[in-house]
Amino acid sequence: MTKQRLVVIGNGMAGARTVEEILRRGGGERFDITMFGAEPYGNYNRILLSNVLSGADDEAGIFLNDLQWYRDHDIELKAGARVTRIDRFGKVVYAEDGTERRYDKLIVATGSQAHVPDIPGIRHPNRGYHQGVFTFRTLDDTRAMIRYAREHQRAVVIGGGLLGLEAARGLQAHLPHVTLVHSGSHLMHAQLDAQGGAILQRSIEALGIHTITGARTTEILGRTAVTGVRLRDGRDLPCDVVVVAAGIRPDAELAAASGLIVERGIVVDDRMRALDEPDIYAVGECVQHRGETYGLVAPLWEQARVLADQITGADPGAEYHGTRTATKLKVAGVDVASMGLREGERDDDETVVFAEPRRGVYKSVVIRDGRLVGATLVGDVRRVAFLTQAYHEGRPLPPERAELLFDLGAPDDAQAIAELADDAQVCNCNGVTKRQLVDARARTVHAAMETTRAGKGCGSCKSLIAQIVEWAAGGAVSEDPAASWYVPGVPMDKASLMVAIREQGLRSVSAVFAALAPDGAEDARSKMGLASLLRMMWGAEYIDERDARFINDRVHANIQRDGTFSVVPQMKGGVTTPAQLRRIAEVAEKYEVPMVKLTGGQRIDLLGVRKEDLPAMWEDLEMPSGWAYGKSFRTVKTCVGAEFCRFGLGDSTALGIAIEERYQGIEGPGKLKLAVTGCPRNCAEAYVKDLGVVAIEGGRWEIYVGGAAGAHVRKGDLLTTVSTGDEVLTLTGRFIQYYRESANWLERTYSWVPRLGIEHIRAVVVDDAMGWAARLDEAIAASVAAYRDPWLERRESATPGQFRRALPLVVVNR
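Using this note's numbering, the first residue of the sequence shown is number 12, and each one after it goes up by one.
Below is the structure:
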């Protein structure tokens, strides 16, 4: 059977979910699939961007489908390629990068775009948005906000809907002053009535977000960068960051320009087909169906299922008839649920309201002809499952209307869950129903969430997930022990694992599997973590098994997307010599290195090196490894310090070099980036490193720990202040060793420090309250003594195929 060509324009939540549904129906055997995404990434959960902004989640944690998923399903992903035209008659799509793809069937899932009011000063004629103005729609928007907010103090968020509230809450992690300006009379006016909005506002203001309602922004102030906003009543609000979160609009411009029928969105029929187009479908926020557009995810999942049934022929009778939206969300940390009418519309509508403003609780229901037609809950959403079912199914309501809002003689949880319809949606963020949770046959909440993705969005449904899992398991549910395992293949937490390894003298990864894994089974996902742990514990006594290493650690270089490698020689403290620079230049020319790049860690990166050239290149460089590839001590960034800088208070360069010489390459659960700066002006960015040292008046040094300035941004906590460089060296080693012994695998210090608490870490590392200091010092000294430059393997390969020529990797978006 010859496969048809299916092209999907849009790699967001709707487009990717539709492809998932198509694959579940065997569509992979019927179609060759190409997906175009305007963003250069795999598919991620936009709902969690607020968590990335606040620092609650890493970027990696919000991706639903990484690039490997597309490869595994033979999907051609054209990431970062925006489609500019659809030739409906020739059945070809054209992208701005020059790509053309024919299609037999086409799905348009272009989603929505931020609505940006035409406010004077919001745009600059030559550079788009005025400096300091941001929208909050994409991962790149979020990254830009985080970068800009680091250097500023005050933000104004325009828009008091869900997106605006989430943006305001997230910005509090980066700015001391956040003000929310909303043109409506109350917050979330599309979901809440006036009283519910007022109570939500009290809760938001209790979090430290100043809120102004009934205020329209009329101008963005500032000539070269934002300095404030002006309101319609003449007030000026000083600020240096403006985030526009004034709603979204269907992104249907491509469809309209290509001749599809577009009103507010792409007009589709009940089979999700674009009108008068037998081979073009549309799905998601770009769609208009029966006059309605949707900005919530639950309708998207229903549309995706119908479209998949239609395009694969799995159910030719499947139709989408619209969605009665019921939302349950956690908005800026406050639980909110809304469905149907916000308030009565007819004289005979019955309304029941309970308000407790001091606790931030508001509940209301609207009843018509004995049926629930609307409900609003703020602060207490424990009855939302019952209300949602009553709303969707038109169930008879209890005579005592208070039972709708409170558990007054209501059925217990087990009975309520048993009566919950199988197709009732439990997780709105990821479209997971009760049936899917039951079919997962999980015996732990963690396992159910991992299998179905339920609870991986805003998290407000976790309690209901727990009830369903317990009910489905007949009460035989338990806490998931795997949540505390150090690695997935060995059922032990880190402390217990280390005790067992020492007691049994297990010095290799295979020995650990044989002795401690269920049935002695090896687990590929666990090998790297175990190898790192064993090297830390045994030092020179560790038995190295090369198959336990990631490719980077096997060849001591960082693999790139095309299968070549990156070579970064060590430059201690960022200091080099003319002779080193000359050698680097000669080596780059000799091996035809495609790119020579200065790194953020004050080193030189040689990119595009073939694996078989690595040993000879190291020999010619005559420089040690810079460890730019491992879960290890990476580098110490320094400023020029007291020797040359007129502001310098301490010799940061010399101290940074001393730290790097002593602790170079020390492995850990995660990578370690350090810095030493010669004064509080912080030119070496010491405040946002895993460990940063800052010179202050009087010849003293401050030591900060747990900082980060990547996808996660966190200022480090002050560990202590010392008087000498020797004390810095000692405490640095002790901190690193305690981190190595107690952190989880891949847990960076910016997570580990707040998890344990800076007071506890200070007590262990500085005050020796536990009596562990001597042991920690001895352990790190043993690791230092066992250090060996990995690039010395150029003289004798560790394995016969260590540097054998590699086949190039295929780049997915070209």
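Cβ coordinates follow ideal geometry from the N, Cα and C atoms, glycine included. Keep in mind that this is a model prediction, so the values were computed, not measured.
Per-residue burial, Arg645 [other beta carbons within 10 Å of its own, 16 or more giving buried]: Residue mapping note: residue 645 aligns to position 634 of the sequence shown, counting from 1. Answer is buried; the Cβ neighbour count reaches 16.
Identify the continuous beta strand (DSSP E) that holds Met539 and give its terminal residues. Taking the first residue of the sequence shown as 1, we reach residue 539 at position 528. Looking at the DSSP string, Met539 is not in any beta strand (DSSP E); the run it does join, the alpha helix (DSSP H), is Ala535 to Trp549.
So what does DSSP say about Pro680, is it helix, strand or coil? Residue mapping note: residue 680 aligns to position 669 of the sequence shown, counting from 1. Three-state result, Pro680: coil.
Report yes if the CB atom of Val705 is closer than 8 Å to the CB atom of Arg161, and no otherwise. For the purposes of this step, residue 705 is taken as residue 694 along the sequence shown, with counting starting at 1. For the purposes of this step, residue 161 is taken as residue 150 along the sequence shown, with counting starting at 1. Against a cut-off of 8 Å, the Cβ pair of Arg161 and Val705 comes out as no contact.
Using three-state DSSP, classify Tyr331 as helix, strand or coil. Indexing the sequence shown from 1 puts residue 331 at position 320. In this structure, Tyr331 counts as coil in the three-state DSSP scheme.
Could you have a look at Ala178 and say whether DSSP puts it in helix, strand or coil? As a first step, residue 178 is located in the sequence shown; it is residue number 167 there, counting from the start. Three-state DSSP puts Ala178 in a helix.
Taking Gly371 as the reference, which of Val776, Ala599, Leu191 and Glu216 has the closest Cα? Locating residue 371 in the sequence shown gives position 360, counting from the first residue. Looking at the Cα atoms, Glu216 is the closest of the given residues.
Start and end of the alpha helix (DSSP H) containing Ala596? As a position in the sequence shown, residue 596 is number 585, starting the count at 1. First-last of the alpha helix (DSSP H) with Ala596: Pro589 to Lys601.
Ile853 to Ile231, Cα distance in whole Å? Not covered by the structure: residue 853. The range shown for the chain is 12 to 825.
Buried or exposed: where does Gly23 fall if 16 or more other Cβ atoms within 10 Å of its Cβ makes it buried? Taking the first residue of the sequence shown as 1, we reach residue 23 at position 12. Looking at its Cβ environment, which holds 16 or more other Cβ atoms inside 10 Å, Gly23 is buried.
Find out if the Cβ-Cβ distance for the pair Lys583, Glu672 is shorter than 8 Å. For the purposes of this step, residue 583 is taken as the residue at position 572 of the sequence shown. For the purposes of this step, residue 672 is taken as the residue at position 661 of the sequence shown. Their beta carbons are under 8 Å apart, which means Lys583 touches Glu672 by this criterion.
With DSSP as the reference, label Ile133 as helix, strand or coil. Within the sequence shown, numbered from 1, the residue matching residue 133 stands at position 122. DSSP places Ile133 in coil when its eight states are reduced to three.
May I ask which residues mark the beginning and end of the alpha helix (DSSP H) holding His457? Here residue 457 corresponds to residue number 446 of the sequence shown, with the count starting at 1. His457 -> alpha helix (DSSP H) spans Val456 to Thr463.
With DSSP as the reference, identify every bridge partner of Phe145, one or two as the case may be. In the sequence shown, residue 145 corresponds to position 134, counting from 1. According to DSSP, Phe145 bridges with Val254.
Going by the beta-carbon positions, is the gap between Lys89 and Thr45 smaller than 8 Å? One-based indexing of the sequence shown puts residue 89 at position 78. One-based indexing of the sequence shown puts residue 45 at position 34. Against a cut-off of 8 Å, the Cβ pair of Thr45 and Lys89 comes out as a contact.
List the endpoints of the continuous alpha helix (DSSP H) containing Lys14. Counting from one through the sequence shown, the residue named residue 14 turns up at place 3. Run containing Lys14: none; DSSP gives neither H nor E here.
Name, in chain order, the residues that DSSP records as bridge partners for Asn569. Taking the sequence shown and counting its residues from 1, one reaches residue 569 at position 558. Its beta-bridge partners are Ser577.
Any idea if Glu752 is buried or exposed, counting beta-carbon neighbours within 10 angstroms, 16 or more meaning buried? Within the sequence shown, residue 752 is the residue found at index 741, counting from 1. Its Cβ being crowded by 16 or more others within 10 Å, Glu752 is buried.
Contact set for Gly381: own chain, Cβ-Cβ below 8 Å, skip 5 residues either direction: In the sequence shown, the residue the question calls residue 381 occupies position 370. Here the set comprises Pro407 and Leu408.
Please go through the same chain and pick out, in chain order, the residues whose beta-carbon is closer than 8 Å to the beta-carbon of Thr95, but skip the five residues on each side of it. To locate residue 95, count along the sequence shown from 1; it is residue 84. Contacts found: Tyr105, Ala106, Glu107 and Leu265.
If you run the structure through DSSP and keep just helix, strand and coil, what is His403? One-based indexing of the sequence shown puts residue 403 at position 392. Correct three-state label for His403: helix.
The stretch 320-336 contacting the stretch 26-42, beta-carbon criterion three pairs below 8 Å: yes
Helix, strand or coil: how does DSSP classify Met781 here? Here the question's residue 781 lines up with position 770 in the sequence shown. Three-state result, Met781: coil.
Whose C-beta lies closer than 7 Å to the C-beta of Ile668 among residues of the same chain, with five residues either side of it excluded? Locating residue 668 in the sequence shown gives position 657, where the first residue counts as 1. The beta carbon of Ile668 sits closer than 7 Å to those of Lys583, Gly584 and Val586, all from its chain and outside the five residues before and after it, given in chain order.
Output the residue ranges of the beta strand (DSSP E) runs that lie fully inside the stretch 188-219 and measure 3 residues or longer, sorted by chain position. 188-193
Could you check where the beta strand (DSSP E) with Trp763 kicks off and where it finishes? Position 752 of the sequence shown, counted from the start, is the residue given in the question as residue 763. Unbroken run through Trp763 is the alpha helix (DSSP H), Thr760 to Leu767; no beta strand (DSSP E).
Can you give me the C-alpha to C-alpha distance between Leu666 and Ser495, rounded to a whole angstrom? Counting from 1 along the sequence shown, the entry for residue 666 is found at position 655. Counting from 1 along the sequence shown, the entry for residue 495 is found at position 484. Cα-Cα distance, rounded: 38 Å.
Report, in whole angstroms, the separation of the C-beta atoms of Gln581 and Met634, which I expect to be a contact under 8 Å. As a first step, residue 581 is located in the sequence shown; it is residue number 570 there, counting from the start. As a first step, residue 634 is located in the sequence shown; it is residue number 623 there, counting from the start. Contact flag correct, Cβ pair sits at about 6 Å.
At the level of alpha carbons, what is the spacing between Arg41 and Lys14? As a first step, residue 41 must be located in the sequence shown, where it is residue number 30. As a first step, residue 14 must be located in the sequence shown, where it is residue number 3. So the two alpha carbons sit approximately 5 Å from each other.
Using the C-alpha atoms, what's the distance from Met509 back to Thr444? For the purposes of this step, residue 444 is taken as residue 433 along the sequence shown, with counting starting at 1. For the purposes of this step, residue 509 is taken as residue 498 along the sequence shown, with counting starting at 1. When rounded, the distance between both Cα atoms is 41 Å.
Count the other CB atoms within 10 Å of the CB of Glu411; is the residue buried (16 or more) or exposed (fewer)? By one-based count along the sequence shown, residue 411 stands at place 400. Classification of Glu411: exposed, given that the 10 Å Cβ count is below 16.
Quick check on the DSSP output: the alpha helix (DSSP H) that includes Pro261 runs from which residue to which? Sequence index remark: in the sequence shown, residue 261 carries index 250 (1-based). Premise fails: Pro261 lies in the beta strand (DSSP E), Ile259 to Pro261, not in any alpha helix (DSSP H).
Kindly indicate which residue of Phe147, Met548, Ser61 and Phe576 has the alpha-carbon position closest to the one of Val795. Stepping through the sequence shown from its first residue, residue 795 is reached at position 784. Closest in C-alpha terms to Val795, from the list Phe147, Met548, Ser61 and Phe576, comes Met548.
Answer with buried or exposed for Arg806, where buried requires no fewer than 16 other C-beta atoms within 10 angstroms of its C-beta. Here residue 806 corresponds to residue number 795 of the sequence shown, with the count starting at 1. Arg806 comes out exposed.
Can you say whether Leu286 is buried or exposed, counting buried as having 16 or more other CB atoms within 10 angstroms of its CB? Indexing the sequence shown from 1 puts residue 286 at position 275. That one is exposed.
Can you say whether Leu787 is buried or exposed, counting buried as having 16 or more other CB atoms within 10 angstroms of its CB? The residue labelled residue 787 in the question sits at position 776 within the sequence shown. Buried is the call here.
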